[in-house]
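In what follows, a structure is listed as structure tokens, so that the remarks can point back to it.
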Amino acid sequence: MRLYLYKVIIQIKDPQIFKQKALQWAATFDAVCYLDSNNFPDKYSKFDALIAIGAKSSLIANTGNAFEHLAKFHTENPGWITGFFGYDLKNEVENLTSSNHDELHFPDLYFFAPKHFILLKGNQIDIISDDEQFVLNIIQNYQIDEPTKPSSINIQSKFSKIEYIDTANEIKEHISRGDIYVTNFCQEFFAKNAMINPLEVFSKLNAISPNPFAGFFKWEDNYILSASPERFLAKRDEKLISQPIKGTAKRGITAEEDEIIKRQLRTHTKELQENVMIVDLVRNDLTRSAKQGTVKAEELFEIRSFNQLHQMISTVFCEIDENITPIEAIKNTFPMGSMTGAPKISAMNLMEEFERSKRGIYSGAIGYFSPDGDFDFNVVIRTILYNAANKYLSFQVGSAITYHADAEQEYKECLLKAKAILQALGQQIV
């Protein structure tokens, strides 16, 4: 089966300008997936940026048999496909429910096979299309729009500070009783009647907080504007890799202060505790897809620095069982353990009780399947979700609640994680 008529590889002088022009043109289509590593070094990355433009075919599915539908779609479209998994697919993976309020109305799963596909690595671009010269010419000649003045947005929260702290302390009572060990408690910030230019907001967010799993995703009037620093799951040949983040600290003003903060994070009992519990959870999830005895942890408690935050990241990997398909490997580990808690099912049940918003795409994953059988998906955090049809804008932030957690400090951590998003929207800390 011939997937595309042409594949063109060319050299460019300025990858950043090319990405800006390509993304601006891509955003005129109803289906777009743009993934950008922002030049972070990553031994598991296949490219610096990916742009999938326009849908030749697509799949929309909700919880029930979404993974089954995706497996069929993947078989029918053996080239590159891109898309997202919503967090509430947990209800298909386990016996769970979602009943919290939702004004975004995104589907639980959406994937598309692109009409035009571009990969960037260094100064080289690969264009895969049935009209490659058209793609190349239109991007090279595209004029970058001048920024517009942002509209005023009224950001509100589903929790006041006092309510968040009181609820976090209630959750700690469940931990004291032994119901769970750790959980990720999330809160939604939102704006009604919000009118934004999604591409401009994404560009601002990506400039303020350039992270290795950033993404701009558009499906009709629905937008995902992500500055994610976290990998959910990747497949590279016969290897599965997951890189959970647990442990957060602010950046210092000076280099000396920065180093002190990093050392404090590296030795902080609560942060180490939550990281190791999630690493154990991810190890357990991977055993469902692994050859026996191949699940291992590496780079435990590694501190990585981003523009806004220091993060503690661990890497867990395994060799995939030859009887496990890529779709099954994702289903076996979904959702990401760093966004649930441990034990996983109990934590998800409890957060459904205490949280006030449906998570939807937040805590889910965006990424791609490649023709060679590999895949790579991020964790949807540090992300703005926007439904342009009903003018509803939303972003959620969460923090790990453990026995040793200080509820007020966890609230401050939520605001720290929201800082870049608020700046991109022209807002102050709420």
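In this note's numbering, the protein residues as written are 936 to 1365. Cβ coordinates follow ideal geometry from the N, Cα and C atoms, glycine included.
In the DSSP annotation of this structure, V1315 is not part of any alpha helix (DSSP H), being labelled neither H nor E.
In the three-state scheme derived from DSSP, where H, G and I count as helix and E and B as strand, H1036 is classed as strand. For A1001, the uninterrupted alpha helix (DSSP H) segment begins and ends at 1001-1011. Per DSSP, P1147 is not a residue of any beta strand (DSSP E), being assigned neither H nor E.
Membership of K1170 in the beta strand (DSSP E) is indicated by the continuous run 1166-1171.
Of L1140, T1083, M1130, K948, the smallest CA-CA separation from D1156 is found for M1130. Bridge pairing for K1185: L1244 [DSSP]. Using a Cβ distance threshold of 7 Å, A1162 and S1138 do not count as a contacting pair. Y1045: member of the beta strand (DSSP E) spanning 1044-1056, first to last residue. Residue pairing by DSSP puts R1239 in a beta bridge opposite Q1246. Secondary structure at D971: strand, using DSSP grouped into helix, strand and coil. Taking S1033 as the centre and dropping the five residues before and after it, the same chain places the C-beta of D1023, N1026, E1287, K1293 closer than 7 Å to its C-beta, in chain order. With at least 16 other beta carbons inside 10 angstroms of its own, I1074 counts as buried. Note that the C-beta distance between F1152 and I1301 is below 7 Å.
Counting along the chain, the unbroken beta strand (DSSP E) around F1124 starts and ends at 1117-1126. The C-beta of I1110 has 16 or more other C-beta atoms within 10 Å across all chains shown, which makes the residue buried. Around D977, the same chain offers P1147 as residues with beta carbons nearer than 8 Å, after the five sequence neighbours per side are excluded.
Residue pairing by DSSP places D1061 opposite I944, L1054 in a beta bridge. Contact check for L1055 against D983 passes: the beta carbons are separated by less than 7 Å. In the three-state reduction of the DSSP assignment, V1136 falls in the helix class. Of the candidates G1295, H1339, I1213, the residue whose Cα lies closest to the Cα of K1205 is H1339. Here R1201 is near I1238, since their CB atoms are less than 7 Å apart. By the neighbour-count criterion, in which 16 or more other beta carbons inside 10 Å mark a residue as buried, H1009 falls on the buried side. CA-CA distance, A990 to F1047, rounds to 6 Å. T1204: member of the alpha helix (DSSP H) spanning 1204-1222, first to last residue. Ranked by how close their Cα comes to the Cα of N1325, the residues I1106, S1240, F1041 have F1041 in first place. A direct Cα-Cα distance of roughly 24 Å separates G1299 from D1256.
The DSSP assignment places 1300-1304, 1310-1313, 1318-1322, 1327-1336 as complete runs of the beta strand (DSSP E) inside the segment 1288-1357, in order along the chain (cut-off: 3 residues). Using a Cβ-Cβ distance cut-off of 8 Å, the segment 965-979 and the segment 997-1004 are not in contact, since fewer than three pairs of beta carbons, one from each stretch, lie closer than that value. Spatial neighbours of A987 in its own chain (CB-CB distance under 6 Å, excluding positions within 5 residues in sequence) are listed in chain order as C968, T1017, P1049, F1052. Here E1135 is not near K1093, since their CB atoms are 7 Å or more apart. Looking at the backbone, the Cα of I1115 and that of G1276 are separated by about 8 Å. Its chain contains E1135 as the residues whose beta carbon lies nearer than 7 Å to that of P1082, once the 5 sequence neighbours on both sides are disregarded; these appear in chain order. DSSP places K1174 inside the beta strand (DSSP E), whose first and last residues are 1174-1178. Around the beta carbon of I1195, fewer than 16 other beta carbons lie within 10 angstroms, which makes this residue exposed. Nearest neighbour of I944 by Cα position, chosen from P1179, Q1059, D1101, turns out to be Q1059.
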